[in-house]
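For reference, the structure is listed below as C-alpha cells.
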DNA sequence: ATCCTCCCCTAC
DNA sequence: TAAGGTAGGGGAGGAT
Ligand SMILES: Nc1ccn([C@H]2C[C@H](O)[C@@H](COP(=O)(O)OP(=O)(O)OP(=O)(O)O)O2)c(=O)n1
Ligand SMILES: [Mg+2]
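Residue numbers (UniProt numbering): 1 to 1164.
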C-alpha cells in the first residue's frame, strides 16, 4: 500500500518550498511580490486602455531601447504610470502591472520610496522616472546608475541579462510557496532532487529569497502529487518518468540574450495584460506549429496546438458551455450535490418529525443503542446492471470511457474479484480484467433508485442521517428498546435478545423493501454505535446484513486493518504504520498520550476509542453549512490569460448560483489554483487531466458579505492575476465562499417605508457612546432597532422574544422547545432555512411528482407585500419565486440580525495577507507519494462534531463557555451515550478498566463545561446581550468621514471602508443618504487622492458604493413587482437620491485626481 | 489558554 | 479520449 511512497514527501517538500537558490551571492535579483490589490483598478484601467501590443503597433519606428527591460512602477510618478508605461512599451520594453514574485521586474521605477518599500526592493534597480524619459530622449538606454533612487550601491545588485546565467537559473529548484518568504531564511541551501519547482518559465530571473515578511505572496501553495489515480499496481509510471522538455529548459537552451529577454518581457506582459480580443476566442491566434511537441514550446503554444483539434476544444474549457457540461458529467460533482440536497431535506424532515412527535422520549445515558448503516452494493454498477440483466454475472464498471485515464466510479462484485476498485483508472482495471464491461453513467437512474431507497428508510421508525446518495444511517434504538421492554440499561438476557432480534428484523425488512423497489441489493450493518454499524457493513456486503453484537466488538474490530476504520486512510494510516500499528488491535498497545502526540488531540483520542469499539457520535446531528464552493480541475487548458479570466468569471457565476440557491452570502472568498508542476509534462497521462500540480490558495476578506457574481468575479480574477501564472500552466481553478451569512435583502423588510424626503437626521446623535476611535468597524445589519424596520416586521413571528412559539411551516406544527436554550433559538433560523433550501432544491431537481419527503404539499400562495404569518407560506410557491424575492421573503421572517453583528464581531481584521510561515514538519514522516491503493473504504461520516456556528456567536469572551454549556442542555439533553453496559460487561477486564477511566475523564470534562452559568436555564433569549448592545450602539454610526475613524490608518483599509459604506447604505438605503454624509465622504475621498495619494482606494471605494446601489436596485426591481406603486415610487426616489450621491462622490474624486494633474479615472 | 488562518485529509 | 467535486474535521502554528 504504502510501497510507493514518493520522493515527494511532505518533509522534502517543505524544504524545497522554502528553498531559495544557492548562489545568493550572485547577481540574482529577488523576485518581488505583487503589489497588493490596492492599485488594481488603476492598473487594470491602464491595461484596458493600453494594450502593449497596441501601443507597439501604434508607435512603429521607435527605437527599441528598452528591450530587455521589464519595468514596474511603484507609487506615483511624474510622468504618470500611464505615460511611463507607454514610453517603455513603445520602445520595446516590458511592463509589469503587478509584482507577483513570479514575473520578475528588471527595473523598478519610483520617485521615492517608503522605508518599507526600500527594504522590500532592496535588491532591485530602483530608478527615477527620469531615467525613462531621458533615455527616450537620448534614443538609447542611459546607464541607470545615475538615476538611482537609493543612492548607494551596496544593496542594489546588478542583474545581468546577457549571460547565460539568467536562463540557467531557470533550472533552479524552488517553490512558489508562500512559506518561502520566511522559510527561505533558514533553509536556503536545500535544493533537492527536482521535486516541485518554481515556475520560472515566465520570468527571466529565478525568484529568490524573500525575507520580507510583510509582503503578500500567494497565500499558499503546496506541492501535490496529483496523478495518484495511476494505481501503483499498474507499474507503469510513464508519466512520472517522462521527462519531457519543459519550456523552462527550452529557454535554457536558447542562449541568446536578446531573444530571451524579449520573450520574457512579452510573456510577462501578456500574463498581466491579456489581449482583449480573446474574450471571443475560438480562433487561436497562436502559432501554426507543426503537430509535434516541439522542445521549446511554451505551455500556451502547446495548448493552442492541442486545442486545434475541435473535439478537444469541445471537451475542454474552450467550450463556452464547459462549466455546465462538465458538471453535468461529473460524478463527483453529482455525489456532492446529492449529498447536500439530501442533507437539507433530511434535516428538514427530521426537524419536522421531532417537533410533531410529542415529547420524544429521551434516551438514558448508558443505554444500548442500535444503529443501522444501510448502503447499496456497488451502487452505480448495480443500477446499470439492473437495466442490462445480461451483464449480471460479468465484471462491470461504470465509467465515461474506456481510455486509460477514465475513472471507474463503481464496479460490481465480479469485477472486484479481479482486484478492480472504485476510483481506479481504466488502464489499471483493464490490465486486471481485459473483459471488463464498461457501462456509462445514468445519473437520473441513480437519483431514482436513491429516492426509493430513502423512502423505504424514512418509513422506519428512527432517526435518519444521510451519508450519501446510496448510504444512510438509521438509529432505531427507540423501537428496539421498546421491543425489548427495558430501558436499555440493565443487562437482561431476554431484553437484549428481543432488541437484537428487532434490529435484525428491521434490517431484513428494509433490505427486502429496497430490493423490491429498486431491484438492487443493499447491505446493512448493525451495531451499537456508528462505528460498529459501519464496520459491520463491510462484513455484511454484498447483499447481506451483519449485526456486530457487543461481545464480538473487540475481536472483530481488533482484527481490522487500521485503514478499515473510518477517517483513517493513506496519511493517517501511514502515521500509524510508523508507530508499528497495522491492525486495530495494535492501537490498543499505544497509550492515549502517544496517539495524541502522533496524531493530534482529537484524532488521537478518537482512534484510541475506535480501537475499543467506542464511538460517541450521535446519528442525525447535522450542522450548518460553512462554505460553498465551485471548482474544476479537469479540462483546463488555456492559451491566453483572457480565456482563463473568462473561465473564472463563469466559475464565479456558478458559485453565485449556489450561494443564491442556499440563501447565503459570504464574506471571505478563497481562490484555489492548480498549476502544472514545473517538472510535470505538458500532457498528463489522464486525458485533459490536471496532472501533477502545485496548489495555491489565496483568500480575501470582503468588506461585507456578498453573493454578487461580478464582485466575486472581480476579486477572483484579481487574485488569479496576482499570481501571475502563465495561463498555459493552469490546470485547475476553484472559488470558495466562507464566512457565510444568511441572505438578507435590505429592501425587503424596509420596502414599506416611505422615502424620507426631508433629511431630518434620525437619532444619530443619541449615539453618544460612539467614540469613533473605538468603533472596530461599522456594523451592518441589525435592522431590528431601526424604527423603520420594526414596524414593518412587527407582526412577523419574532424568534427572539418568545421561548415557545408555534410556527407552522409547510403545514406542520413546529414548536420550539420550552426550555429556550439560546443555542436552540440561535439555530432556529438555520433550520427554517434548511427547509426552504431543501424545498427549493427538490423543486429545482424536478423531482416534483411525489416527493419522498413529507415536506412539500400544496397550499395557499404567499407573496403579497404584507406577508402572512409564516405558517401560511406555501413552499412550492415560494420556491418558484425568483431568487431575490424568495430571499426577501425569507429575510422577512429571519431573526433580526444580531447575527450579522456578532458575525462581524468575530471577523478577523482584514489582513494584508497573512504572513507566510514555515511548517517545519518532522522530516521523518514522508507519507505523501501517492494515495492509497485500497478498497474504497466504508463511508465515513462518523464524525460529526458540534462545531462553531457561524451565525450566532456571542462576541464577548464570556460567551464561549456559555455556548458550550448551553449546547449541553440543548435538545438532546442526555449526555452522549458512550458505552452501553452490556458492551462494557463484555469487555475483558483490562480494557474495561481503561474504558471506565476514559469515561471518568470525559464526564469530568462535561461537568466542567456544564458548570458554567447556563447549566439548566440559559439566560433568556437575549436580543440585548452584549453583542446586540454593541450592535445597537454602533449600528447607526454613519461611518463617514470627518471622523477619525476614517483617517486613522487602522480603519482605512479597503475592506473596512467597504464595510463602512455597506453599513451606511444599509442604514439609509431606502431613505436616501444625507447630504452631509455624502459631502463628508466626498471630502474624505478627496483627501485620499490628494494626501494619501491613493487613487485606487478612492476609486474602489466609489465603485463599491456604485455596486451597493446597483445591486440593491437589481433586487428592488424584481422584488417590487408585486409591491404597491407607492413603494415603487419610494424606491425610485431613493435610487435617484443615491445615484446623485454617487455622482457627487465621483465628481469629487475626479476633481481631486485632476488637481494632481493625472489623467481622469474611470469608475465602473 | 484560546482563537484564527491556512492548509491537509477524508468520504462519497 | 473524458468530465480529477466538495464539505467538513482537524492539525500546526501564529496572534492575542
Ligand atoms: N471513488 C468513488 C467512489 C464512489 N463513487 C460513487 C459510485 C458508487 O457507486 C457510489 C457509492 O459509493 P460506495 O463507496 O458505496 O461504493 P459502491 O456502492 O459502488 O460499492 P459498495 O458500497 O458495495 O462498496 O459513489 C465514485 O464515483 N467514485
Ligand atoms: Mg454503496
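Just so you know, even glycine gets a beta-carbon here, dropped at the ideal spot from N, CA and C.
Work out the CA separation of residue 333 and residue 339 for me, nearest whole Å.
One-based indexing of the first chain puts residue 339 at position 339. One-based indexing of the first chain puts residue 333 at position 333. Each residue's CA atom was taken as its position, placing residue 339 and residue 333 some 10 Å apart.
How would you write the range of the beta strand (DSSP E) that residue 375 sits in, first residue to last?
Here residue 375 is taken as the residue at index 375 of the first chain, counted from 1. The continuous beta strand (DSSP E) containing residue 375 extends over residues 371–376.
Would DSSP call residue 613 helix, strand or coil?
Position 613 of the first chain holds residue 613. In the structure shown, residue 613 falls within a coil segment according to DSSP collapsed to helix, strand and coil.
Cβ of residue 679 versus every heavy atom of ligand 4: is any distance shorter than 6 Å?
Ligand 4 is not part of this structure, which contains only ligand 1 and ligand 2.
Where residue 684 and residue 646 are concerned, what is the direct C-alpha to C-alpha distance, given to the nearest angstrom?
Stepping through the first chain from its first residue, residue 684 is reached at position 684. Stepping through the first chain from its first residue, residue 646 is reached at position 646. If you draw a straight line from the Cα of residue 684 to the Cα of residue 646, it comes to about 24 Å.
Ligand 2 heavy atoms versus the CB of residue 376: any closer than 6 Å?
For this step, residue 376 is matched to residue 376 along the first chain. Within the cutoff, so yes.
Given this structure, state the Cα-to-Cα distance separating residue 546 from residue 635, to the nearest angstrom.
Here residue 546 refers to the residue found at position 546 of the first chain. Here residue 635 refers to the residue found at position 635 of the first chain. For residue 546 and residue 635, the distance between alpha carbons rounds to 43 Å.
DSSP has residue 676 in a bridge; who is on the other side?
Position 676 of the first chain, counted from the first residue, corresponds to residue 676. 693, per the DSSP bridge assignment.
Does the distance from the CB of residue 523 to the CB of residue 512 come in under 7 Å?
Here the question's residue 523 lines up with position 523 in the first chain. Here the question's residue 512 lines up with position 512 in the first chain. Contact flag unset, no.
Could you check whether residue 462 and residue 475 sit closer than 7 Å to each other, using their CB atoms as the reference points?
The residue you call residue 475 lines up with position 475 of the first chain. The residue you call residue 462 lines up with position 462 of the first chain. Taking 7 Å as the Cβ cut-off, residue 475 and residue 462 qualify as a contacting pair.
CB of residue 380 to nearest heavy atom of ligand 2: below 6 Å?
In the first chain, counting from the first residue as 1, residue 380 sits at position 380. Flag unset: Cβ of residue 380 not near ligand 2.
Sort 417, 410, 416 by Cα distance to residue 423 and report the nearest one.
Sequence index remark: in the first chain, residue 423 carries index 423 (1-based). With distances taken between Cα atoms, residue 423 lies closest to 410.
For residue 742, the three-state DSSP class (helix, strand or coil):
By one-based count along the first chain, residue 742 stands at place 742. When DSSP states are grouped into helix, strand and coil, residue 742 belongs to the strand group.
CB residue 649 to CB residue 713, shorter than 7 Å?
As a working mapping, residue 649 is identified with position 649 in the first chain. As a working mapping, residue 713 is identified with position 713 in the first chain. In contact: residue 649 and residue 713 (Cβ atoms closer than 7 Å).
Buried/exposed call for residue 1158, threshold 16 Cβ in 10 Å:
As a position in the first chain, residue 1158 is number 1158, starting the count at 1. Classification for residue 1158: buried.
Can you tell me which of the three DSSP states residue 656 falls into?
Working through the first chain from its first residue, we reach residue 656 at position 656. Here residue 656 sits in helix by DSSP.
Just the C-alpha distance for residue 429 and residue 734, rounded to the nearest angstrom, thanks.
In the first chain, residue 429 corresponds to position 429, counting from 1. In the first chain, residue 734 corresponds to position 734, counting from 1. Straight-line Cα distance between these residues: approximately 30 Å.
Cβ-Cβ separation, residue 303 to residue 638 (assumed contact under 8 Å), whole Å:
Against the first chain, residue 638 aligns to sequence position 638. Against the first chain, residue 303 aligns to sequence position 303. Going by Cβ atoms, the distance from residue 638 to residue 303 rounds to 6 Å, so yes, they are a contact pair.
Below 8 Å on the Cβ atoms is my contact criterion, and I expect residue 404 with residue 432 to pass it. Report the Cβ-Cβ distance as a whole number of Å.
Position 404 of the first chain, counted from the first residue, corresponds to residue 404. Position 432 of the first chain, counted from the first residue, corresponds to residue 432. About 14 Å separates the two Cβ atoms, so there is no contact after all.
Any idea which residues DSSP pairs residue 546 with across the strands?
Taking the first residue of the first chain as 1, we reach residue 546 at position 546. Paired residue(s): 525.
With burial defined as no fewer than 16 other Cβ atoms inside 10 Å of the residue's Cβ, what is the status of residue 621: buried or exposed?
Walking along the first chain from the start, residue 621 turns up at place 621. Within a 10 Å sphere around the beta-carbon of residue 621 sit fewer than 16 other beta-carbons, which makes this residue exposed.
Pick out whichever of 439, 579, 1088 has its Cα sitting closest to the Cα of residue 1156.
Along the first chain, read from residue 1 onward, the residue named residue 1156 stands at position 1156. Looking at the Cα atoms, 1088 is the closest of the given residues.
Of the residues 1064, 141, 1154, 331, which one's Cα is nearest the Cα of residue 1166?
What the structure shows of the chain is the stretch from 1 to 1164, and residue 1166 is not part of that stretch, so it cannot be assessed.
Are the CB atoms of residue 306 and residue 313 within a distance shorter than 7 Å?
As a first step, residue 313 must be located in the first chain, where it is residue number 313. As a first step, residue 306 must be located in the first chain, where it is residue number 306. The criterion of a C-beta distance shorter than 7 Å is not satisfied by residue 313 and residue 306.
Where residue 884 falls, given that 16 or more other Cβ within 10 Å makes a residue buried:
In the first chain, the residue the question calls residue 884 occupies position 884. Low local confidence applies: a pLDDT of 34 at residue 884 is under 50, so the model's placement there is unreliable, with the coordinate-based value given in what follows. Around the beta carbon of residue 884, a 10 Å sphere encloses 16 or more other beta carbons of the protein chains shown; the residue is thus reported as buried.
Cβ neighbour criterion (16 or more within 10 Å) applied to residue 1152
As a position in the first chain, residue 1152 is number 1152, starting the count at 1. By the 10 Å Cβ count, residue 1152 comes out buried.
Please report the straight-line C-alpha distance between residue 478 and residue 651, rounded to a whole angstrom.
Locating residue 478 in the first chain gives position 478, where the first residue counts as 1. Locating residue 651 in the first chain gives position 651, where the first residue counts as 1. Whole-angstrom Cα-Cα distance: 46 Å.
Roughly how many angstroms separate the alpha carbons of residue 1073 and residue 1090, rounded to a whole number?
Position 1073 of the first chain, counted from the start, is the residue given in the question as residue 1073. Position 1090 of the first chain, counted from the start, is the residue given in the question as residue 1090. Distance between the alpha carbons of residue 1073 and residue 1090: 25 Å.
May I ask which residues mark the beginning and end of the alpha helix (DSSP H) holding residue 467?
The residue labelled residue 467 in the question sits at position 467 within the first chain. Where residue 467 is concerned, there is no enclosing alpha helix (DSSP H), although the beta strand (DSSP E) it sits in stretches over 463–468.
Pick from 453, 533, 596, 143: whose alpha carbon is nearest that of residue 548?
For the purposes of this step, residue 548 is identified with residue 548 of the first chain, where counting begins at 1. Ranking 453, 533, 596, 143 by Cα distance to residue 548 puts 533 first.
Report back the beta-carbon spacing between residue 1160 and residue 1146 to the nearest angstrom; my notes put them in contact at under 8 Å.
Within the first chain, the letter at position 1160 stands for residue 1160. Within the first chain, the letter at position 1146 stands for residue 1146. Contact between residue 1160 and residue 1146 does not hold, since their C-beta atoms are separated by about 11 Å, which reaches or exceeds 8 Å.
What is the rounded straight-line gap between the Cα of residue 414 and the Cα of residue 376?
Counting from 1 along the first chain, the entry for residue 414 is found at position 414. Counting from 1 along the first chain, the entry for residue 376 is found at position 376. Between residue 414 and residue 376, the alpha-carbon positions lie close to 16 Å from each other.
Would you mind working out which of 979, 1083, 1080 sits nearest residue 490, comparing C-alpha positions?
Here residue 490 refers to the residue found at position 490 of the first chain. Restricting attention to 979, 1083, 1080, the CA atom closest to the CA of residue 490 is found in 979.
Inter-residue spacing [alpha-carbon to alpha-carbon] between residue 353 and residue 346
Walking along the first chain from the start, residue 353 turns up at place 353. Walking along the first chain from the start, residue 346 turns up at place 346. Between residue 353 and residue 346, the C-alpha separation is close to 10 Å.
Proximity to residue 1080 [Cα-Cα], best of 371, 1093, 1094, 1061:
The count along the first chain starts at 1 and reaches residue 1080 at position 1080. Checked all of 371, 1093, 1094, 1061; the closest Cα to residue 1080 is 1061.
Using the three-state DSSP reduction, which class does residue 582 fall into: helix, strand or coil?
Here residue 582 corresponds to residue number 582 of the first chain, with the count starting at 1. Residue 582 falls in the coil class under three-state DSSP.
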